[in-house]
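In what follows, a structure is listed as structure tokens, so that the remarks can point back to it.
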Amino acid sequence: MPRLSARFVRASMIYLLAGFTLGALMLAQDGISYYPAITAVLPVHIEFLLVGWLVQLAMGVAFWIFPRFGLGLPHSRGNETLIWTSFLLLNAGILTVALELWIPVALLIGRVLEAGAVIIYAASLWRRVKPHGGPA
Amino acid sequence: MPTLTRWFIKTSFVYLALALIAGLLLAIQSMFDLTALGGLFPIYIHLLVFGWLTQLVFGVVFWMFPKYSTEKPRGSEFLGWWTYALLNAGLLLRAIAEPIQSVQPNPITGWTLVISAVIQFLAGLTFVINSWNRVRVK
Chain A
1 MPRLSARFVR ASMIYLLAGF TLGALMLAQD GISYYPAITA VLPVHIEFLL VGWLVQLAMG
61 VAFWIFPRFG LGLPHSRGNE TLIWTSFLLL NAGILTVALE LWIPVALLIG RVLEAGAVII
121 YAASLWRRVK PHGGPA
Chain B
137 MPTLTRWFIK TSFVYLALAL IAGLLLAIQS MFDLTALGGL FPIYIHLLVF GWLTQLVFGV
197 VFWMFPKYST EKPRGSEFLG WWTYALLNAG LLLRAIAEPI QSVQPNPITG WTLVISAVIQ
257 FLAGLTFVIN SWNRVRVK
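Top line first, the protein sequences correspond to chains A and B.
Its first residue numbered 1, the first sequence is counted upward by one per residue in our numbering.
Its first residue numbered 137, the second sequence is counted upward by one per residue in our numbering.
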């Protein structure tokens with residue numbers, strides 16, 4: 001697995017644990033009402049598990065296994081600088097969205113960062129959606 | 137495909153079917169305004185995203201990720217089975233207790249939800265512990 005995919009996948013696992021932790025705290029609150037304010041973290045729970053875990057895992061695995069531009073060639077997985085940029089923007093976006101609990105405008109800024117990350121990612125991988133060994 | 141992966145994937149398909157049935161019940165509930173079916177929405181979402189999607193991912197990761205070692209290519213199979221058991225026990229407890237708790241709260245279903253919360257978290261933790269070192273740079 002390339003280093004960049006490993007970063008995506010490990011980050012996704014951290015969000016999985018963070019999302020599960022928030023979900024467990026909210027579910028326990030439904031059961032025994034120990035701290036009603038905890039339910040406010042619902043949007044962050046959803047963000048961490050949908051974007052942080054599932055979307056990020058898919059992005060990392062796709063970068064790893066999609067057809068390459070020729071084994072052994074430099075840049076066989078496309079422009080890695082752009083994908084690194086996408087990785088950084090995505091994670092900055094997720095963490096910024098999480099700040100919406102305290103700063104409402106953070107939701108908008110975070111979504112812009114996430115959208116930028118996904119557009120850069122899709123544009124970078126676009127030509128790798130091709131038959132194995134075939135032309136882009 | 138390893139046995140554990142087959143269990144993860146086949147169980148995930150069962151949850152997919154159950155989630156769609158829950159979705160159908162939600163549609164019936166909104167059409168006929170049935171309050172008796174309270175608390176169904178979170179069950180629908182979690183059957184779909186946790187029972188189906190996440191469980192499917194867990195199974196495929198256990199199967200396809202880089203080998204941990206020659207002797208233990210998939211890490212700890214024992215821990216993998218614990219992940220499977222915890223995920224499904226936690227989700228089933230929740231699916232039973234949450235609708236009852238939303239309509240008629242009581243200590244039994246309340247504490248069942250707490251236990252379910254802990255069990256589901258442990259499912260995620262055991263998955264990450266077992267998979268972390270299989271995320272290898274080559």
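Where is the CB? At the ideal position from N, CA and C, for every residue including glycine.
Query	Result
Residue from A:S86, A:A115, A:G93 and A:L27 with nearest C-alpha to A:Y121	A:S86
Start and end residues, alpha helix (DSSP H) containing A:R10	R3 to I32
Residues within the stretch 110 to 132 of chain A neighbouring chain B, beta-carbon criterion of under 7 Å	none
Test: B:V239 CB closer than 7 Å to a CB of chain A	no
A:R111, enclosing alpha helix (DSSP H) - first and last residue	A106 to L125
Rounded C-alpha distance that separates B:W288 from B:T262	In the structure as shown, chain B starts at 137 and stops at 274, and residue 288 of chain B therefore has no counterpart that could be examined.
Contact with chain B by A:I32, beta-carbon distance below 7 Å	yes
Span separating the alpha-carbon of B:A259 from that of B:N266	11 Å
At least 3 beta-carbon pairs within less than 8 Å: the stretch 60 to 67 of chain A vs the stretch 93 to 106 of chain A	no
A:L25 versus A:P104 - alpha carbon distance	23 Å
Whole-angstrom distance between B:L223 and B:Q256, CA atom to CA atom	5 Å
Contacts of B:Q256 in chain A (Cβ-Cβ under 9 Å)	F20, G23, A24 and L27
Cα-Cα separation, A:M1 to A:R7	10 Å
Through-space distance from B:L160 to B:D169, alpha-carbon basis	14 Å
Cβ neighbour criterion (16 or more within 10 Å) applied to A:N91	buried
Chain B within 7 Å of A:R77, Cβ atoms only	no
Local conformation of B:Y180 per DSSP, three classes	helix
Nearest to A:L140 (by Cα), restricted to the options A:E80, A:A40, A:E114 and A:I94	Here chain A covers residues 1 to 136 and nothing more, so residue 140 of chain A does not appear.
At least three beta-carbon pairs within less than 8 Å, the stretch 173 to 185 of chain B to the stretch 201 to 210 of chain B	no
Three-way DSSP call (helix, strand, coil) for B:K146 in this model	helix
Partners in chain D for B:W247, counting only beta-carbon separations shorter than 8 Å	Going by chain labels, chain D is absent from the structure shown, which instead holds the protein chains A and B.
Beta-carbon gap between B:G246 and A:I32 smaller than 7 Å	yes
Contact the stretch 179 to 189 of chain B vs the stretch 225 to 240 of chain B: 3+ CB pairs below 8 Å	yes
Cutoff 7 Å: B:A253 Cβ touching any chain A Cβ	yes
Residue from B:N269, B:A153 and B:Q237 whose Cα sits closest to the Cα of B:L189	B:A153
Boundaries (first-last residue) of the alpha helix (DSSP H) holding A:I38	Unbroken run through A:I38: none, as it is neither H nor E.
Option nearest A:L4 by Cα separation, candidates A:H132, A:L50 and A:G78	A:G78
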